[in-house]
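Contents: one structure, followed by commentary.
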Amino acid sequence: MPEIPTHPAHWEQPHQPADRVLMALKTRGPQSVAAIARVLDVTAEAVRQQMARLHDEGLVESESHSAGRGRPTQIWRLTAAGNARFPDTHAEMTVQMIQAVRQVFGEAGIDKLISAREEAMRRNYLQAMSQAPDLAGRLRRLAELRTAEGYMAELRAEEGGFLFIENHCPICSAAKACMGFCRSELELFRDVLGQDAQVDREEHMLVGARRCAYRVTPRAQAAR
Numbered sequence: 036m037p038e039i040p041t042h043p044a045h046w047e048q049p050h051q052p053a054d055r056v057l058m059a060l061k062t063r064g065p066q067s068v069a070a071i072a073r074v075l076d077v078t079a080e081a082v083r084q085q086m087a088r089l090h091d092e093g094l095v096e097s098e099s100h101s102a103g104r105g106r107p108t109q110i111w112r113l114t115a116a117g118n119a120r121f122p123d124t125h126a127e128m129t130v131q132m133i134q135a136v137r138q139v140f141g142e143a144g145i146d147k148l149i150s151a152r153e154e155a156m157r158r159n160y161l162q163a164m165s166q167a168p169d170l171a172g173r174l175r176r177l178a179e180l181r182t183a184e185g186y187m188a189e190l191r192a193e194e195g196g197f198l199f200i201e202n203h204c205p206i207c208s209a210a211k212a213c214m215g216f217c218r219s220e221l222e223l224f225r226d227v228l229g230q231d232a233q234v235d236r237e238e239h240m241l242v243g244a245r246r247c248a249y250r251v252t253p254r255a256q257a258a259r
């Protein structure tokens, strides 16, 4: 019986050290320097040097994870620019489908497509948030849902409200082809978070920001 290859045959394994680090993050997700060193069978110092270079180029970023006592561990992940180093035929297909819908059904067809997507997401989000006791609980649940969808969401409590952050946009190509997707998601957040929340987009990837960020302020606080 022939040996099963470790990776699909169509994957071309890179030879350059920096590209190997990017591939490890792409195929295994966020990792520590030590974990990547084990995967690549190199020293941690060698990986650390490549991380510094890739970080300077805007291809990777890190965050600290604390596991009790001891020094926090830096977990590294690809940025949107890092992900863009890999071909995305799925994104290309999505854009082609949007263009086809526009050609066949016009802008009215695009609007119907976006509305149907928005309504399905609204039902799912409202159901998932039904047991949340307050705005903070709804936001935490929304961050969990959006992270599961690939948005790498996080929630930060700040004076006077919250900052809801999405570090990645898995539909970025579709959104560039049709801005209605972004407009739809802002309205979706406003709907599911309820009338007691004011939601404003402060940072937007499609206009050059590193991330999308939403300021969420309780209505009572916003009125002061």
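Residue 259 is where the sequence shown ends in the numbering used here, and the numbering goes up by one at each step. Ideal Cβ placement from N, Cα and C applies to all residues, glycine included. These numbers come from a predicted model, not from an experiment.
query: Residue ranges of each alpha helix (DSSP H) run of no fewer than 4 residues wholly in the stretch 108-164, ordered along the chain?
result: The stretch 108-164 contains these whole alpha helix (DSSP H) runs: 115-118 and 124-164.
task: Please say whether residue 223 and residue 156 have beta carbons closer to each other than 8 angstroms?
output: As a working mapping, residue 156 is identified with position 121 in the sequence shown. As a working mapping, residue 223 is identified with position 188 in the sequence shown. At the C-beta level, residue 156 and residue 223 come within 8 angstroms of one another.
- prompt: For residue 237 versus residue 255, is the C-beta spacing smaller than 8 angstroms?
  reply: Here the question's residue 237 lines up with position 202 in the sequence shown. Here the question's residue 255 lines up with position 220 in the sequence shown. In this structure, residue 255 does not lie closer than 8 angstroms to residue 237 by Cβ.
task: Leaving aside the five residues before and after residue 82 along the sequence, list all residues of the same chain whose C-beta is less than 6 angstroms from its C-beta, in chain order.
output: Locating residue 82 in the sequence shown gives position 47, where the first residue counts as 1. Excluding residues within five positions, the ones whose Cβ falls inside 6 angstroms are 68, 71 and 72.
field: Residue burial classification, residue 178 (beta-carbon count within 10 angstroms, cutoff 16)
entry: Position 143 of the sequence shown, counted from the start, is the residue given in the question as residue 178. By the neighbour-count definition (other C-beta atoms within 10 Å, threshold 16), residue 178 is a buried residue.
field: Neighbourhood of residue 161 by C-beta distance below 7 angstroms, restricted to the same chain and skipping five residues each side
entry: The residue labelled residue 161 in the question sits at position 126 within the sequence shown. Hits under 7 angstroms: 227.
Distance between beta carbons of residue 53 and residue 88, contact taken as under 8 angstroms: Position 53 of the sequence shown, counted from the first residue, corresponds to residue 88. Position 18 of the sequence shown, counted from the first residue, corresponds to residue 53. Going by Cβ atoms, the distance from residue 88 to residue 53 rounds to 6 angstroms, so yes, they are a contact pair.
task: Report all residues from its chain with a CB closer than 7 angstroms to the CB of residue 139; omit the five preceding and five following residues, and keep chain order.
output: On the sequence shown, position 104 is the one that residue 139 refers to. Closer than 7 angstroms at Cβ, skipping near neighbours: no residue.
task: Just the C-alpha distance for residue 91 and residue 191, rounded to the nearest angstrom, thanks.
output: Position 56 of the sequence shown, counted from the start, is the residue given in the question as residue 91. Position 156 of the sequence shown, counted from the start, is the residue given in the question as residue 191. Those two C-alpha atoms are separated by around 26 angstroms.
Member of 61, 97 and 77 whose CA lies at the smallest distance from the CA of residue 120: Taking the sequence shown and counting its residues from 1, the one referred to as residue 120 is at position 85. Nearest option by C-alpha distance: 61.
message: So, at 8 angstroms on beta carbons, what are the nonlocal neighbours of residue 78 in its own chain, with the 5 sequence-adjacent residues on each side left out?
response: Counting from one through the sequence shown, the residue named residue 78 turns up at place 43. 72.
Strand pairing of residue 247, partner residues [DSSP]: Translated into positions along the sequence shown, residue 247 becomes position 212. DSSP output for residue 247 lists 201 as bridge partner(s).
- request: Report the option in 65, 196 and 197 whose CA atom is closest to the CA atom of residue 112.
  value: Residue 112 sits at position 77 when you count from the first residue of the sequence shown. Of the residues 65, 196 and 197, the one whose Cα lies closest to the Cα of residue 112 is 65.
field: Nearest candidate by alpha-carbon position, reference residue 109, set 118, 96, 115 and 117
entry: Your numbering for residue 109 matches position 74 in the sequence shown. Per the Cα distances, 96.
- prompt: Secondary structure at residue 252, three-state DSSP: helix, strand or coil?
  reply: Within the sequence shown, numbered from 1, the residue matching residue 252 stands at position 217. In the structure shown, residue 252 adopts extended strand secondary structure according to DSSP, grouped into three states.
query: So which of 186, 206, 175 and 159 has the shortest CA-CA distance to residue 251?
result: Taking the first residue of the sequence shown as position 1, residue 251 is located at position 216. Closest option to residue 251, judged by alpha-carbon separation, among 186, 206, 175 and 159: 175.
task: Can you give me the Cβ contacts of residue 185 inside the same chain, cut-off strictly under 8 angstroms, excluding the 5 residues immediately before and after it?
output: The residue given as residue 185 occupies position 150 in the sequence shown. Hits under 8 angstroms: 203 and 205.
- prompt: If you draw a straight line from the alpha carbon of residue 201 to that of residue 187, how long is it in whole angstroms?
  reply: Taking the sequence shown and counting its residues from 1, one reaches residue 201 at position 166. Taking the sequence shown and counting its residues from 1, one reaches residue 187 at position 152. If I take the Cα positions, the gap works out to 6 angstroms.
message: According to DSSP, simplified to helix, strand and coil, what is residue 66?
response: For the purposes of this step, residue 66 is identified with residue 31 of the sequence shown, where counting begins at 1. Note: residue 66 maps to strand in three-state DSSP.
- request: Sort 75, 116, 229 and 80 by Cα distance to residue 243 and report the nearest one.
  value: Stepping through the sequence shown from its first residue, residue 243 is reached at position 208. Here the closest residue by C-alpha is 116.
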